[in-house]
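Following: one structure in structure tokens, then a few remarks.
Number of protein chains: 2
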Amino acid sequence: HMEHNDHSLVFADLSAVEYKQVRDYMWKQPDLNISKKATASPSENFIFLIDLRLPKKSDVLRYLDMNEKKPDREASVVVFYGSLGKIEEYVVGPLPQPTYRKTVTLQKYKTQPPINARPVTVGEYMQLFAFIHKQVFKNLTKLLLESFNVSKESILHPFEGMPRGVKSGDRRTWFAFFRDYSGMYIHPVGFEVLINHSNTNCEYWTVDKLMYNGQYFDTVEELKNKYEAGKIIKIVFTPIENYASLKPRVKPAEISPQQYYPQGQRFSVQKNQVLYLDWSFAFGLSSLTGMRVFDVRFKGERIAYEISVQEAMSVYGSITPGMMLTKFLDSSIGIGRFAHELVRGIDCPYTATYVDTYRYIDFNAAQRFRNSICIFEHDTGRPLRRHFFDFFHYGYGGMPNTALVLRTITSIGNYDYLWDFIFYQSGSIEAKVHATGYISSSYYVKGNLQFGHQVANHTIGNIHTHFVNFKVDLDVLGQKNIFQTKDMEFKEVEIPWVTGKKAKIPHLVEKLINTEQDAAMRYDRKTPRYLHIASNRTNRWGHHRSYRLQVFSFTGDHLPQTEPEEKSMSWARYKVAITKYKDDELTSSSLYSQNDMWSPAVDFSKFIEDNESIVQQDLVAWVTTGFLHIPHAEDIPNTVTVGNGGGVILRPHNYFDEDPSVNSPDAVYITPK
Amino acid sequence: HMEHNDHSLVFADLSAVEYKQVRDYMWKQPDLNISKKATASPSENFIFLIDLRLPKKSDVLRYLDMNEKKPDREASVVVFYGSLGKIEEYVVGPLPQPTYRKTVTLQKYKTQPPINARPVTVGEYMQLFAFIHKQVFKNLTKLLLESFNVSKESILHPFEGMPRGVKSGDRRTWFAFFRDYSGMYIHPVGFEVLINHSNTNCEYWTVDKLMYNGQYFDTVEELKNKYEAGKIIKIVFTPIENYASLKPRVKPAEISPQQYYPQGQRFSVQKNQVLYLDWSFAFGLSSLTGMRVFDVRFKGERIAYEISVQEAMSVYGSITPGMMLTKFLDSSIGIGRFAHELVRGIDCPYTATYVDTYRYIDFNAAQRFRNSICIFEHDTGRPLRRHFFDFFHYGYGGMPNTALVLRTITSIGNYDYLWDFIFYQSGSIEAKVHATGYISSSYYVKGNLQFGHQVANHTIGNIHTHFVNFKVDLDVLGQKNIFQTKDMEFKEVEIPWVTGKKAKIPHLVEKLINTEQDAAMRYDRKTPRYLHIASNRTNRWGHHRSYRLQVFSFTGDHLPQTEPEEKSMSWARYKVAITKYKDDELTSSSLYSQNDMWSPAVDFSKFIEDNESIVQQDLVAWVTTGFLHIPHAEDIPNTVTVGNGGGVILRPHNYFDEDPSVNSPDAVYITPK
Ligand SMILES: [Ca+2]
Ligand SMILES: [Ca+2]
Ligand SMILES: [Ca+2]
Ligand SMILES: [Ca+2]
Ligand SMILES: [Cu+2]
Ligand SMILES: [Cu+2]
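Residue numbers (this note's numbering), protein chains in the order written: chain A, 140 to 812; chain B, 140 to 812.
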């Protein structure tokens, strides 16, 4: 029987108190001149983000495995210096009483991300909305009223396209407008404006282009004049019911089936540590990359040092400008940032354990997100294993497949991603993502059916991809591992008992992969069916003890490598890529990738460019999954989770000497007599 | 609110009474001379199988849709005429008082399957075991005692390789021997014998070859002499604990989470008809092919005429003769035949509804299989859809993903397959298979590591494939359908607002597939990502109403087409193949495929050889899924279901005008204030 300990705290997210300690320390630095406003303007200096600075893996392992001292707690702090036109990242520590701040930007990214690589802050959005209101809406009242019923009482809402331009330094954003409805994302009105907001001083911003009903205009004036002169094809406002509404249309009836724990909960959560039967792990939630687990152990033995969400990417196609070039990289906006309260009985079972999280991002104080992580044991409704036998012997043995689920759901604008890490009694871990929420849509103008289907009145659901990247730092019996592939091949053999007769029979083909580039399993080529992170140590039967990565994926094509934006998502080339672990290769994407896709602060393909040996090294697997999404009417109002997801199962493969579930107390055996 | 009706009875399996009526009718035929024994010898005439003869689809549809007369109930009867050396299939009807028998063998198969294409009956097995006992075991008592501890009290059990030879007409079977343990399949002893039992008269049977510890012998005498002369490498018996045992090793502890229906069951089962929220369907279980559903309707509208299991195939590799050429085609033995009682709380939830089935196969009376089908509503533990919003509007809408599961589990020798048909509130249907039970194994002799891993003492878990074929006869708004594919393609376009700048963006590429051969989506080529059975009728937004087939698969390579056995499994070439429905193309495999793989009674590839038009025809999709299995230590004692399966989701795609789950009473909406 396992007991909780404090070891997981080394991975714990910063607490509300710690965020404040770091913020106050930064605010007190006389040379930095940081604004204390809740929402600073882009020309001010602003703490955008405070997050846990993960201690160095080697330090953590010395602490966990060799009883050496616990690493200091440190924070990572991101400051946007609007007044200086630069971005700086700091390490601040040690907590609880910080005494130092170290500038780590250049060391971390090997480049200084330009100021326009920063995400748009709430402060900048407020200026943008004010700018649009003043420069566009105020000057188009007649058009807006007649076309979209815009008035003091009735407004439109913007949705942005990204990236914000076509080359490094650009910060020109298309805002497409949507009806003022819940679920506005599927109510496009056919009006979009291109704002150049590359200067941190909004005085210099300009309206660079407008699109109305498929027609382009260089200035607000031009649109206004042509509209009033009747020289363009007008949109005439028609009221419409809100088909995006999620309000139930019928009364509740009998409640759906529910789960309960007849003899109590079989798992335990203490701070950020979970114990469940033979499993233990630490968990956390990065504001940027999202949910992660550390020091994942089965029967006390570490299987994985880290499993974490890295990035969620989507590439869209459209004829409308706001979406035509859209390529979303969510970790640049913040995936974990949008982990909101989970609804009992729907997002997770009523009987789940719910955990609060605290984040400091794009605001001047830490915020609490109540019940934003849930943990529950789930009955999958089928046996984990079973056999019925009535040949020669008679009986039955089996056990149910119940598993522990750790979940967050992040609502990044229109989309909601469900993130699950699942722990099975057979020693497998699954990392899984499902998509739901609203699709992104565009106004139905001529030519747009090349890019999707009509899904509602004047509304096109545009074709797009979902790509998700997971970091899987397995440590199979220590850090020194190898990467093996296994597959089948038909080879011809002689049949020993039929003279002269040959037959093709399946052979096992095993390979040891020596270098990072050979281990980069591209999606556009055939991948061996079994991929293993293995130890040189063998199990009782002489085979390398390993964990296999089994990827579930329905991805489309990510982006041709010839496109300049592709560098920012080069991880998506590979179903699985294996790198040698490095302290400065912690994430496959970055906060700055979205707004500088052309020179991204992190280009994953560089991790493997040096083509290092991966034999007996600390290996990290970067796993990409996802699905091609061709929206259809049934995506209205929301995409359903059924069939819309992907993931990876990490499965023991000769890691044990037999299936560890043989030792489960859930096993059942029945014999006649 | 739906009510039960009697329509589903047109698909109902024969009852115990009906089996008896047919059997007695056949027994009474003076010219047929059919044995009434429970287990007849191969030289006798024997009713091997009585099963429902499905009424013709056109007759059924006239009955269901046009209120015409209910088709007669008829039985399909398979008789093995040992005395005549032939197989005959009959249609016997009408029930309950049969008045006719029609010979349909030639019409059904366009060939008369030779007598040796028949499966081995219990009667033949009894003769085989007696033959082996007398001709082999009796003459090798010393060897068997010393090597395997065989005595009056201690025996070995046989497990067969298939096919039984290398060419049409062969009936030569390798029997490999295993320890007398529960789970014998992973206790090979290294002794195998090749028996020629091609004559229906066992007097003519011969021992053709023996394998002992990797060495081959032509006769029992040769083995005996060489063994006694000490000229061969001996196996010396060593006792071993039964690592195959499924007996729990620890005491039960707290019980695992369970599901319940807080306000009662939301589905209803009456005879072979299920009603569940908006769903209704008929179900049945063919002794040969297994579980199937018919007349699947959502909101009263037929989506599928039939969804059924067709075949489960495995190809093995080994250096040992019993497994070297093994290629199992389970429907030739009978998949549904082995649907045994389901264990409450493990195979299905305690709260499931359990249904008995009755079968008549390889015995002289119908047998009852208690609780061999289960039906339950399952909480998948995640939302079907949800969205949390706090941009511009504030609130939450969502609903849990509960679905109805129809399940059987078939234990075909060593393996157990879980067969699920799952009905979702979003209008999707999933057909799913998971594998568990024991792997097939072989004795560890030199060279066998090319074919698998050692998984236990002297035991190799041999590499093999799992391929499963489903028949999916969707009728999308009637029988006349088309087959469409959709996918993405990057195409270069000019960016309208950046002069001279181009970008590659994703386009939707749709194709109408005109002929059967173009619609045969081979596994060894790239398949379009979206496959649709569509109606020419359009939804509200002008798009073809369709169901999409989304295949989940981890298959290996099935068998090179140059191999003579490949014809018997030609369906496995295709992830999805679309055929024009024909009354004489009801199944992709046959009862005779296993034992005459070289000239199989059904060769699926012939269905598409005529390359018929599939435009506005009644279409059937044949879906293949499965996984490559490289056994590893964790397959001992049983393969786990986690990650070991495959399936297909049938998803509405522009079939509706919006997601039908918007009308679910399970939907929830939360707003502040
Ligand atoms: Ca490297
Ligand atoms: Ca590692
Ligand atoms: Ca045909
Ligand atoms: Ca059809
Ligand atoms: Cu999508
Ligand atoms: Cu298998």
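Note that beta-carbon positions come from the ideal geometry of N, C-alpha and C, so glycine has one too.
So which residues on chain B does residue i lean against when the C-beta distance must stay under 7 Å?
i                 : result
Gly681 of chain A : Gln593
Tyr493 of chain A : None at all; the shortest Cβ gap to chain B is about 15 Å.
Asp469 of chain A : Chain B residues near Asp469 of chain A: none, gap ~15 Å exceeds 7 Å.
Met538 of chain A : Ile485
Taking C-alpha atoms, which residue in the options lies nearest to residue i?
i                 : options                                : result
Val762 of chain A : A:Leu688, A:His597, A:Gly300           : A:Leu688
Ala383 of chain A : A:Lys630, A:Tyr577, A:Asn587           : A:Tyr577
Ser707 of chain B : B:Gln404, B:Gly681, B:Pro739, B:Asp722 : B:Pro739
Glu228 of chain B : B:Ala504, B:Asn184, B:Glu797           : B:Asn184
Leu488 of chain B : A:Met462, A:Phe356, A:His517, A:Val594 : The question names Leu, but residue 488 of chain B is Pro in the sequence shown. Comparing Cα-Cα distances from Pro488 of chain B to each of A:Met462, A:Phe356, A:His517, A:Val594, the minimum goes to A:His517.
Ala659 of chain B : B:Val615, B:Ser709, B:Pro635           : B:Ser709
Gly473 of chain B : B:Glu797, B:Val454, B:Asp555, B:Val199 : B:Asp555
Ser685 of chain B : B:Val218, B:Lys625, B:Val715, B:Glu445 : B:Lys625
Ala772 of chain B : A:Asp723, A:Pro770, A:Asn678, A:Tyr713 : A:Asn678
Gly784 of chain A : A:Arg311, A:Ala570, A:Gly403, A:Phe502 : A:Ala570
Phe502 of chain B : B:Asn601, B:Ser154, B:Asp163, B:Ala177 : B:Ala177
In chain A, which residues lie with their C-beta within 8 Å of the C-beta of residue i?
i                 : result
Trp636 of chain B : Leu333, Asp347, Lys348, Tyr355, Pro460
Asn793 of chain B : His592, His771, Ala772, Glu773
Tyr531 of chain B : The question names Tyr, but residue 531 of chain B is Phe in the sequence shown. Ordered by position in chain A, the residues that pass the 8 Å Cβ test against Phe531 of chain B are His296, Asp319, Met323.
Ala642 of chain B : Val305, Met463, Leu464, Glu702
With 8 Å set as the bound, which would you pick, yes or no: does the beta-carbon of residue i sit closer than that to a beta-carbon of chain A?
i                 : result
Pro258 of chain B : no
Met323 of chain B : yes
Val359 of chain B : no
Val815 of chain B : Residue numbering for chain B in the displayed model covers 140 to 812; residue 815 of chain B lies beyond these limits and cannot be assessed.
Tyr563 of chain B : yes
Met265 of chain B : no
Val790 of chain B : First, the residue type needs correcting, since residue 790 of chain B is Arg and not Val in the sequence shown. Closer than 8 Å to some Cβ of chain A, the Cβ of Arg790 of chain B qualifies, so yes.
Ser728 of chain B : no
Tyr382 of chain B : yes
Ala392 of chain B : yes
Val781 of chain B : yes
Am I right that residue i and residue j are in contact with their C-beta atoms under 8 Å? What's the rounded C-beta distance?
i                 : j                 : result
Asp434 of chain B : Ser729 of chain B : That pair is no contact at about 25 Å.
Asn335 of chain A : Asp347 of chain A : 5 Å
Gly765 of chain A : Val544 of chain A : 20 Å between Cβ atoms; not a contact.
Gly536 of chain A : Lys386 of chain B : 7 Å
Arg456 of chain B : Ile644 of chain A : In the sequence on display, residue 456 of chain B carries Gly and not Arg. Right, their Cβ atoms sit about 5 Å apart.
Gln274 of chain B : Val328 of chain B : Rounded, the Cβ-Cβ distance is 18 Å, inconsistent with contact.
Lys641 of chain A : Glu628 of chain A : Their Cβ separation, rounded to whole angstroms, is 16 Å, which puts Lys641 of chain A and Glu628 of chain A out of contact at 8 Å.
Thr459 of chain B : Asn587 of chain B : 7 Å
Just the chain A side, please: which residues come within less than 7 Å of residue i by C-beta, in chain order?
i                 : result
Pro378 of chain B : Those within 7 Å of Pro378 of chain B in chain A number zero; the least Cβ separation is about 18 Å.
Ile769 of chain B : Lys625, Leu647, Tyr669
By the criterion of Cβ-Cβ separation under 9 Å, what are the contact partners of residue i in chain A?
i                 : result
Val389 of chain B : Asn802, Ser803, Pro804, Ala806
Ala760 of chain B : The contacting residues do not exist; Ala760 of chain B stays about 16 Å from chain A at best.
Arg318 of chain B : Correct list: empty, because the minimum Cβ distance to chain A is about 11 Å.
Tyr399 of chain B : Pro396, Gln397, Gln398, Tyr399
Using a beta-carbon distance below 8 Å, is residue i in contact with chain B?
i                 : result
Asp696 of chain A : yes
Ser692 of chain A : no
Asp723 of chain A : no
Show which residues of chain B have a CB atom less than 9 Å away from the CB atom of residue i.
i                 : result
Lys365 of chain A : Going along chain B, no residue has its Cβ under 9 Å from Lys365 of chain A, so there is no contact; the nearest lies around 17 Å.
Residues of chain B with CB closer than 8 Å to the CB of residue i, please, in chain order.
i                 : result
Phe528 of chain A : Ser321, Gly322, Ser550
Neighbourhood of ligand 7 [Cβ distance below 6 Å to any heavy atom], ordered by chain position = In terms of ligand content, the structure shown lacks ligand 7 and carries ligand 1, ligand 2, ligand 3, ligand 4, ligand 5 and ligand 6 instead.
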